[in-house]
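>
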Amino acid sequence: MENTYNQYRFRFSGKGAEYFRIWSINILLTIVTFGIYSAWAKVRRKRYFYGCTTLDGSSFEYLADPKRILLSRVIVYGLYAAGAALANVSPVLGGVLIVAVFFVMPYIINKSLKFNAVNSCYRNVRFDFNSTYWKTFNVFILLGVLSALTLGLLFPYYMYRIKKHIVENSRYGLQHFSFNGGAGMFYTFYIMAAVLGGVLVLVGVGLSMMVPFVAIFIWIAAFSIVMAYIYVSQTNYVLDCMRLRDISFRSTMRTTDYMIINVTNYLAIVFTLGLLAPWAMVRTARYRLENISIQTTGNLDSFVGIQVNQVGALGEEFSDIFDVEMGL
131 MENTYNQYRF
141 RFSGKGAEYF
151 RIWSINILLT
161 IVTFGIYSAW
171 AKVRRKRYFY
181 GCTTLDGSSF
191 EYLADPKRIL
201 LSRVIVYGLY
211 AAGAALANVS
221 PVLGGVLIVA
231 VFFVMPYIIN
241 KSLKFNAVNS
251 CYRNVRFDFN
261 STYWKTFNVF
271 ILLGVLSALT
281 LGLLFPYYMY
291 RIKKHIVENS
301 RYGLQHFSFN
311 GGAGMFYTFY
321 IMAAVLGGVL
331 VLVGVGLSMM
341 VPFVAIFIWI
351 AAFSIVMAYI
361 YVSQTNYVLD
371 CMRLRDISFR
381 STMRTTDYMI
391 INVTNYLAIV
401 FTLGLLAPWA
411 MVRTARYRLE
421 NISIQTTGNL
431 DSFVGIQVNQ
441 VGALGEEFSD
451 IFDVEMGL
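Okay, here's the thing in C-alpha cells:
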C-alpha cells in the first residue's frame, strides 16, 4: 500500500508599512533610552516576524523576556569592558583573556542556541536545544582553529559540522531533528563559489583595462552573486536533509532570485536613506519562508498532538532562570 503524503507550505503575511511602525518606534525608543530599549525592540521585532509566519494555519510565537536579554547584554558588555581594561594593564593578561574566551565560548554558544530555541513555539509546543560543552567545543572551536591552520581547506567541513550539530541537537517538543547530509556537498558549494567568483573577478580586471573603475562594480557584483549562491545552496541542502520523525523539509530558493532581492533591497535602502529597510526585511523574510515546505506521511495535527501530550505527561520545563541570550 502506497503512503499518502501531505504537504504544507510556510506562509508569511508581514507587510512593509505595518512593520515600518514597529521599526521606527524601536529605533526612536532605543536612541532615547541610550540603547536600553534595544532588548524590547528585539523582542517586538521577532514577535512580529514569528506571528506573521504560519504553517497549516497556525502561527509561530516568540516568548522571550526582554529583561533577560537586557541582563545578558549587560553581562557581556561588562565582561568586555573588564577584559579591555585588563589588556591595557598587562599584555600578558590580555593574552590569557583571549585564551579564556576560547574556552568560555562553547558555554555561551550553547546558552544562546538554547535561549532562542526554547523561546520559539508552535501550537503551544516549544522547540529546544541541548548539547554538551565538549561537543560544542569540538565543533565550533577546535574545528574552527583547524580550519584557520589549514588556510581554509577545512572550512567547508567546518560549516557542515556546525549545521549538523545544530540540527541534531535541536528538537520540537520531545522529538529530535535528524540530519542525513554529507560534507561532500559543502565542498562542492564552496569550490563552485570560488570558481564563479574567480571568473567574475578576471572579467572585471579585463574590462577595467578598457573602462576605468568598472572593476569595482564587477567585484561588488561577484561578491553578491557568490554570497547569494553559498547562502541559497547551503540553506536548500540543509533543509532538504533535515527530518523530524516522518516529516521532511524542502527549500526551493534560487540563487538568481535571492541575489536580485538582495541587490534591489540594498539600492532601495541606500536611495531612501534607510527608510525602506523595513520593506526590505519583510520582502526577504517572505521569499525565504514561502520557499519552504514540509511533507509528511501522517497528519500534522496528529504529530503536534503527540508532542503536546508527551510534554504535558512528563511535566518538562523547557527553560530555567539561567538561560540568557548572549547575542550569538
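Just so we're aligned: 357 in the numbering used here is position 227 of the sequence shown, and the numbers increase by one with no gaps anywhere. Glycine included, every Cβ here is placed at the ideal spot set by N, Cα and C. Source: prediction; values computed, not measured.
Would you report the Cα separation of L397 and I391, rounded to the nearest angstrom?
Residue numbering aside, residue 397 sits at position 267 when the sequence shown is read from its first letter. Residue numbering aside, residue 391 sits at position 261 when the sequence shown is read from its first letter. If I take the Cα positions, the gap works out to 10 Å.
> What's the gap between the Cα of G144 and the Cα of T183?
Along the sequence shown, read from residue 1 onward, the residue named residue 144 stands at position 14. Along the sequence shown, read from residue 1 onward, the residue named residue 183 stands at position 53. Cα to Cα, G144 sits roughly 8 Å from T183.
> Looking at the structure shown, is D258 part of a helix, part of a strand, or coil, going by DSSP?
Here the question's residue 258 lines up with position 128 in the sequence shown. D258: strand per DSSP, three-state reduction.
> Does DSSP put F140 in a helix, a strand or coil?
On the sequence shown, residue 140 is found 10 positions in, with the first residue counted as 1. Strand at F140.
> So for S154, helix, strand or coil by DSSP?
Position 24 of the sequence shown, counted from the first residue, corresponds to residue 154. Of the three classes helix, strand and coil, the one that applies to S154 here is helix, per DSSP.
> For I348 and N254, I'd like the C-alpha separation in whole angstroms.
Numbered from its first residue, the sequence shown carries residue 348 at position 218. Numbered from its first residue, the sequence shown carries residue 254 at position 124. The alpha-carbon atoms of I348 and N254 are separated by roughly 49 Å.
> Please go through the same chain and pick out, in chain order, the residues whose beta-carbon is closer than 8 Å to the beta-carbon of L227, but skip the five residues on each side of it.
Position 97 of the sequence shown holds residue 227. Once the five neighbours on either side are set aside, the close Cβ partners of L227 are G213, L216, A217.
> Once you ignore the five residues that flank I424 on each side, which residues in its own chain have a CB closer than 6 Å to its CB?
For the purposes of this step, residue 424 is taken as residue 294 along the sequence shown, with counting starting at 1. These residues qualify, in order along the chain: Y138, I377, F379.
> Looking at C-alpha atoms only, which residue of N246, Y287, M235, M389 is the closest neighbour of S180?
What you label residue 180 is simply residue 50 of the sequence shown in a count that begins at 1. Correcting the residue type first, residue 180 is Tyr in the shown sequence and not Ser. Comparing Cα-Cα distances from Y180 to each of N246, Y287, M235, M389, the minimum goes to N246.
> Using a Cβ-Cβ cut-off of 8 Å (strictly less than) and excluding sequence neighbours within five positions of K197, which residues of its own chain qualify?
As a position in the sequence shown, residue 197 is number 67, starting the count at 1. Counting only Cβ-Cβ distances below 8 Å, and skipping sequence neighbours, we find A169.
> Strictly under 7 Å for the Cβ-Cβ distance: is W409 near chain E by that measure?
Absence of chain E from the displayed structure is noted, only one protein chain being present.
> Under three-state DSSP, which class holds V325?
Translated into the one-based positions of the sequence shown, residue 325 becomes position 195. Of the three classes helix, strand and coil, the one that applies to V325 here is helix, per DSSP.
> Out of curiosity, what's the CA-to-CA distance linking T318 and L158?
Along the sequence shown, one-based indexing puts residue 318 at 188. Along the sequence shown, one-based indexing puts residue 158 at 28. Spanning the two alpha carbons is a distance of roughly 45 Å.
> Taking the alpha-carbon positions, what's the E298 to G282 distance?
Numbered from 1 along the sequence shown, position 168 holds the residue referred to as residue 298. Numbered from 1 along the sequence shown, position 152 holds the residue referred to as residue 282. Going by the C-alpha atoms only, they are around 25 Å apart.
> Using a 10 Å radius around the Cβ and a threshold of 16 neighbouring Cβ atoms, would you call F353 buried or exposed?
Translated into positions along the sequence shown, residue 353 becomes position 223. That one is exposed.
> Hey, how far is the Cα of Y178 from the Cα of P221?
For the purposes of this step, residue 178 is taken as the residue at position 48 of the sequence shown. For the purposes of this step, residue 221 is taken as the residue at position 91 of the sequence shown. Rounded to the nearest angstrom, the two C-alpha atoms are 45 Å apart.
> Use the C-beta contact count for A171: other C-beta atoms within 10 angstroms, 16 or more gives buried, fewer gives exposed.
Counting from one through the sequence shown, the residue named residue 171 turns up at place 41. Under this definition A171 is a buried residue.
> Taking the alpha carbon of R375 as the reference point, which residue from S300, Y149, G404, M357 has its own alpha carbon closest?
Translated into the one-based positions of the sequence shown, residue 375 becomes position 245. Here the closest residue by C-alpha is S300.
> How would you label N429, buried or exposed, when you count the other beta carbons within 10 angstroms and need 16 or more for buried?
In the sequence shown, the residue the question calls residue 429 occupies position 299. The residue is exposed, with fewer than 16 neighbouring Cβ atoms inside 10 Å.
> Please report how far the alpha carbon of L284 lies from the alpha carbon of A313, in whole angstroms.
Indexing the sequence shown from 1 puts residue 284 at position 154. Indexing the sequence shown from 1 puts residue 313 at position 183. Straight-line Cα distance between these residues: approximately 10 Å.
> Looking at C-alpha atoms only, which residue of N310, I355, F309, S308 is the closest neighbour of G328?
In the sequence shown, residue 328 corresponds to position 198, counting from 1. That would be I355, whose Cα lies nearest to the Cα of G328.
> When the Cβ atoms of the segment 252–271 are set against those of the segment 195–210, are three or more pairs found closer than 8 Å?
Short answer: they don't touch.
> In the DSSP assignment, the alpha helix (DSSP H) including Y180 goes from what residue to what residue?
On the sequence shown, position 50 is the one that residue 180 refers to. Start and end: 168–181.
> So does the segment 357–369 actually touch the segment 401–408, counting three or more Cβ pairs closer than 8 Å?
The segment 357–369 is not in contact with the segment 401–408.
> Per DSSP, what are the beta-bridge partners of I422 in this structure?
In the sequence shown, counting from the first residue as 1, residue 422 sits at position 292. The partner list for I422 (beta bridge, DSSP) reads S381.
> Would you mind sorting F233 into buried or exposed? The rule is 16 or more other CB atoms within 10 Å of its CB.
The residue labelled residue 233 in the question sits at position 103 within the sequence shown. Label assigned to F233: exposed.
> How is the beta strand (DSSP E) around S189 delimited, first residue to last?
For the purposes of this step, residue 189 is taken as the residue at position 59 of the sequence shown. Taken as a continuous stretch (DSSP letters only), the beta strand (DSSP E) holding S189 covers 188–192.
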